[in-house]
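Structure first, commentary second.
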Amino acid sequence: MVFNLLRDELRQAIKDCGYSEPTDVQRSAIPKILDGFNVAMQARTGSGKTAAYLLPTMNMMRGGLTETLIVSPTRELALQITSQFKSFNKYIGFTGAVVYGGVGYAEQVKALRDASLVVATPGRLLDLANRSVVDLGNVKYLIIDEVDRMLDMGFINDINTISSLASDRRQTHAATATLPMSVRDAINKILVNPFIIRMGVHQYELPMVEQLVYITDGSWRSKYALARGMVMGSK
Numbered sequence: 037m038v039f040n041l042l043r044d045e046l047r048q049a050i051k052d053c054g055y056s057e058p059t060d061v062q063r064s065a066i067p068k069i070l071d072g073f074n075v076a077m078q079a080r081t082g083s084g085k086t087a088a089y090l091l092p093t094m095n096m097m098r099g100g101l102t103e104t105l106i107v108s109p110t111r112e113l114a115l116q117i118t119s120q121f122k123s124f125n126k127y128i129g130f131t132g133a134v135v136y137g138g139v140g141y142a143e144q145v146k147a148l149r150d151a152s153l154v155v156a157t158p159g160r161l162l163d164l165a166n167r168s169v170v171d172l173g174n175v176k177y178l179i180i181d182e183v184d185r186m187l188d189m190g191f192i193n194d195i196n197t198i199s200s201l202a203s204d205r206r207q208t209h210a211a212t213a214t215l216p217m218s219v220r221d222a223i224n225k226i227l228v229n230p231f232i233i234r235m236g237v238h239q240y241e242l243p244m245v246e247q248l249v250y251i252t253d254g255s256w257r258s259k260y261a262l263a264r265g266m267v268m269g270s271k
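Numbering follows this note's numbering, with no gaps: position 148 of the sequence shown is 184.
In structure tokens form, the structure reads like this:
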């Protein structure tokens, strides 16, 4: 089982969370990330993508300043990722910080001073980087979560800027629920030779719907005949 590839502290935290078996995306992604690949994973919401990149990344971390950066499109998702990090961090003790807009700077600046893992929304992160509060050149592990939503929300230029500021000698991963060509192109600009994992992707054709217009003379006889014909035709 792929969880056995992880350090003891993480395995115990996983057990405490009540997880006994990895999901399909975790089973595919964790070994590849541990082997040093840049991984792009597509899977539906709720499939375990966050743990799929978080667990192996935490397994490789050594606790350096801003060693890991996870970029999220929204405050809500950033807080969810941070909550999962805290659960897995129970027996390791890495320092972490979450930064997002709409609130004051003071607490976030303080948290960034010794944070090994940072979860951030793009705008606030670049704001803090421009203020020299955070040095993205330290980043060894860069994860872009919900790439499709980043694209929809107009953050892709910010993501490209963040990627350019991070260390060239980094491992980069991306997670997305959908993978249209626009998202694939965005991923290829950020990840070098990505290993792509696609889970639960089915191609199907929507059923054809026939639309008909019936014209009557307005009399009750014609309306009755039309209604009767429609009922008989549906059988």
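From the three backbone atoms N, C-alpha and C, an ideal C-beta is built for every residue, glycine too.
Here's the rule: buried if 16 or more other CB atoms are within 10 angstroms of the residue's CB, otherwise exposed. What is residue i?
i	result
valine 134	buried
methionine 94	buried
methionine 77	buried
valine 190	Before going further, note that residue 190 is glycine rather than valine in the sequence given. Glycine 190 is exposed by the Cβ-count criterion.
serine 119	exposed
methionine 235	buried
asparagine 125	buried
proline 216	exposed
glycine 54	exposed
glycine 82	exposed
For residue i, collect the residues of the same chain with a Cβ closer than 6 angstroms to its Cβ; drop the 5 residues on either side in sequence, then sort them by chain order.
i	result
leucine 172	Ala165, Leu201 and Ala202
lysine 176	Glu103 and Arg206
proline 243	Because the pLDDT at proline 243 is just 34, under 50, the model does not fix this residue reliably, and the value given afterwards should be weighed accordingly. Contacts found: none.
glycine 132	Phe121, Ala151 and Leu153
Less than 7 angstroms between C-beta atoms, sequence neighbours within five positions excluded: which residues of the same chain meet that for residue i?
i	result
threonine 208	Asn74, Leu178, Ile226 and Leu227
glutamate 143	none
aspartate 194	Pro158, Gly159 and Leu162
isoleucine 232	Ala76
leucine 90	Gln120, Phe121 and Phe124
Could you pull the DSSP bridge partners for residue i from this structure?
i	result
phenylalanine 231	Val75
leucine 105	Val154 and Leu178
valine 134	Val155
glutamine 207	Tyr177
How close, in whole Å, do the beta carbons of residue i and residue j come, if the pair is a contact with beta carbons under 8 angstroms?
i	j	result
valine 155	isoleucine 192	About 19 angstroms separates the two Cβ atoms, so there is no contact after all.
glutamine 116	alanine 88	Wrong, their Cβ atoms sit about 14 angstroms apart, outside the cutoff.
leucine 148	valine 169	6 angstroms
leucine 41	isoleucine 66	7 angstroms
glycine 138	arginine 111	7 angstroms
alanine 114	tyrosine 136	5 angstroms
What are the boundary residues of the beta strand (DSSP E) that includes residue i?
i	result
alanine 213	Here alanine 213 belongs to no beta strand (DSSP E), and DSSP marks it neither H nor E.
Tell me the residue span of the alpha helix (DSSP H) that contains residue i.
i	result
valine 61	60-70
lysine 126	Element bounds for lysine 126: n/a, residue is neither H nor E.
aspartate 44	44-52
Closer than 8 angstroms by C-beta to residue i: which residues in its own chain qualify, once you throw out the five before and the five after it? Chain order, please.
i	result
valine 219	Val183, Asp184, Leu187 and Thr212
threonine 86	Gln116, Ile117, Gln120, Asp181 and Ala211
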